[in-house]
Amino acid sequence: MKILVVGSGAREHAIAKALDRTADVYTYMGRKNPGLARLSVNYEVNDESDFGSIIKFAKDNEVELAFIGPEAPLEKGIVDELAKEGIPSVGPTKKAAQIETNKAFMRQLFDDYNIPGSIKHGTFYDLDEAFKYIDEFGGPVVIKPIGLTGGKGVKIVGDQLADNNEAKEYVKEIFDQKMGGFEGVVIEELLLGEEYTIQAFVDGEHILPMPAAQDHPHAFEGNKGPITGGMGSYSDKNHLLPFLTKKDYDESVSIMKQTIDAIKEEAEPYKGILYGQFMLCADGPKIIEYNARFGDPESMNVLSLLEYDLAQIARQIVDGELNTVVFSNKASVCKYVVPDKYPNTEANDTIVTIDEEKINDLDAEVYYAAVYSDENDDIKLTSSRAIAVLAVRDTISESEKACEEAINYINGEVYHRRDVATEALLNEKIEHMKEIRG
Ligand code: GLY
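Below is the structure:
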């Protein structure tokens, strides 16, 4: 099968690597990702928002279906445009993708369809009404622009915002700048608990959930510093997490299934990957947000455990015939190596060296993210996450140690979080959840 992958990061590298087991992979990427370039039968480096060019590349190469990696082209309707040309996609249509691209739509869906796992929230398009809501809220708030902001728009009182007064200043900024494309805001209650991710394959009707994973969004060790795209993630061999029970997992999946049913009623059948970001609270799982795509880095955790053929799954998704899927009972740890200044957006452009052979000898894997190969085939950093290293073993602890060993073979102006998935950090999470649940 000939499959087009759209996107240029580690998530797309992981998708392409899994597809490459049985399919011919063609890649359309905004930046020359060395990992993707290497495994593609053919690739084009071009503007990822130029749909005409994506369609031409797809047709020239006679691809049978497309797998859309990032959310930006989904928001702009790439799936609808490819469908007009007879090319089906793993990825939701513009309307169905609103579950990620429009936070007001998501919260309204939960209200209208009585989906469990929702939280206290309000959506406002009038600044004074938003201020009044915050004044009368009676507790710390979370402020979210309605549209996409590249993961940088959500601000939390007690984290990036000192108090509810600063939250009001931020709301004004969102209105003034039409941040995320809307002159409006979603205001939510602050949840106490542990965050986790569940991703699922969805064919419009059926959902097949993947192992749970937990990301580490803070830049620095001890969960300190600014929020990033994610500094590393892990999954456990029982497909749960050290603080997450089977009951919590099943409840989360049920919330996702009810969401899919509601999207079908309200918009269009959802086909693709659904990423649920949950908070496990004293009274069970609550939904923080959805993404309409695989997580990054969480995609690497689950795809490395996938024992079914991803190309066949992709075909079943577009045909509405998802049936069953198997993941191996192993633990996985993924750690991101990032430029020294990250998440500062200053360009770096220095060379990073990766001894992939040594890393593979250690039975670990390398996924290329926001790096590019230059004309000499040197691999250069940009301003964002550079290289993900993944190890799969019988336990989280073994995987974590293997990951650390492998990272010794990456050199340059880079750093990573050594504490991701360590026993000490996991114990903190277990204790935290025990406190919260009483
Ligand atoms: N790991 C966060 C995300 O994929 O959005």
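Counting from 14, one number per residue, gives the positions in the sequence shown under this note's numbering. A virtual CB, placed ideally from N, CA and C, is assigned to each residue, including glycine. These numbers were taken from a predicted model, which means no experiment stands behind them.
- The residue among Leu205, Pro310, Lys181 and Ala79 with its C-alpha nearest the C-alpha of Asp139 is Lys181.
- Among the bridge pairs identified by DSSP, His134 is matched with Glu201.
- Between Val331 and Ser102 the beta-carbon gap is near 7 Å, inside 8 Å, which marks them as a contact.
- Contact between the stretch 174 to 191 and the stretch 124 to 136 is not established, with fewer than three Cβ pairs separated by less than 8 Å.
- Nearest neighbour of Phe291 by Cα position, chosen from Arg431, Gly308, Glu279 and Ala275, turns out to be Gly308.
- Of the residues assessed, Arg34 falls on the exposed side of the cut-off, its CB having fewer than 16 other CB atoms within 10 angstroms.
- A direct Cα-to-Cα measurement between Leu17 and Ile301 gives close to 31 Å.
- Distance from Leu439 to Ile409 at the Cβ level is roughly 7 Å; contact confirmed, criterion being Cβ atoms closer than 8 Å.
- The DSSP-derived three-state label of Ser396 is coil.
- Look at Val331 here: in three-state DSSP terms it is helix.
- Here Gly193 is not near Leu221, since their CB atoms are 8 Å or more apart.
- Counting the other Cβ atoms within 10 Å of the Cβ of Ala383 gives 16 or more, which makes it buried.
- Note on geometry: alpha-carbon atoms of Tyr303 and Asn115 lie some 10 Å from one another.
- Ile100 and Ala434 have their alpha carbons spaced roughly 40 Å apart.
- DSSP links Arg406 through a beta bridge to Ala344.
- In this structure, Glu201 lies near Val154, with their beta-carbon atoms less than 8 Å apart.
- If you compare the alpha carbons of Ile423, Ile268 and Glu311 with that of Glu25, the shortest gap goes to Glu311.
- Of the candidates Ile400, Lys414, Ala404 and Glu444, the residue whose Cα lies closest to the Cα of Ile423 is Ile400.
- When secondary structure is reduced to three states using DSSP, Gln290 falls in the strand class.
- The beta carbon of Asp387 is closer than 7 Å to those of Lys393 in its chain, skipping five residues each way along the sequence.
- Looking at the backbone, the Cα of Asn357 and that of Ile420 are separated by about 22 Å.
- Leaving aside the five residues that flank Leu32 on each side, the residues in its chain whose CB is nearer than 8 Å to its CB run, in chain order, Ile16, Val18, Val38, Phe80, Leu323, Ala324 and Ala327.
- The stretch 120 to 129 and the stretch 137 to 151 do not touch, with fewer than three beta-carbon pairs separated by less than 8 Å.
- Relative to the non-hydrogen atoms of the ligand GLY, the Cβ of Gly242 comes within a distance shorter than 7 Å of at least one.
- The stretch 70 to 155 is shown to contain whole alpha helix (DSSP H) runs of 4 or more residues at 84 to 88, 91 to 97, 111 to 114, 116 to 125 and 140 to 148, in chain order.
- For Val338, no alpha helix (DSSP H) segment is defined, and its DSSP state is neither H nor E.
- Between the stretch 226 to 242 and the stretch 206 to 215, the count of C-beta pairs closer than 8 Å reaches three or more; the two stretches touch.
- Short of 7 Å from the beta carbon of Gly164, and not among the five residues preceding or following it, lie these beta carbons of its own chain, in chain order: Gly242.
- Judged by pairs of C-beta atoms under 8 Å, the stretch 271 to 284 does not touch the stretch 235 to 255, as fewer than three such pairs exist.
- Of Glu359, Ser397 and Lys348, the smallest CA-CA separation from Glu378 is found for Lys348.
- The criterion of a C-beta distance shorter than 8 Å is satisfied by Asp353 and Val427.
- Boundaries of the alpha helix (DSSP H) around Val184: Asn177 to Gln190.
- Look at Gly245: its beta carbon is at least 7 Å from all of the heavy atoms in the ligand GLY.
- Excluding its 5 nearest sequence neighbours in each direction, Glu359 has C-beta neighbours in its own chain below 7 Å: Ser396, listed in chain order.
- Per DSSP, reduced to three states, the secondary structure at Gln271 is helical.
- When secondary structure is reduced to three states using DSSP, Gly48 falls in the helix class.
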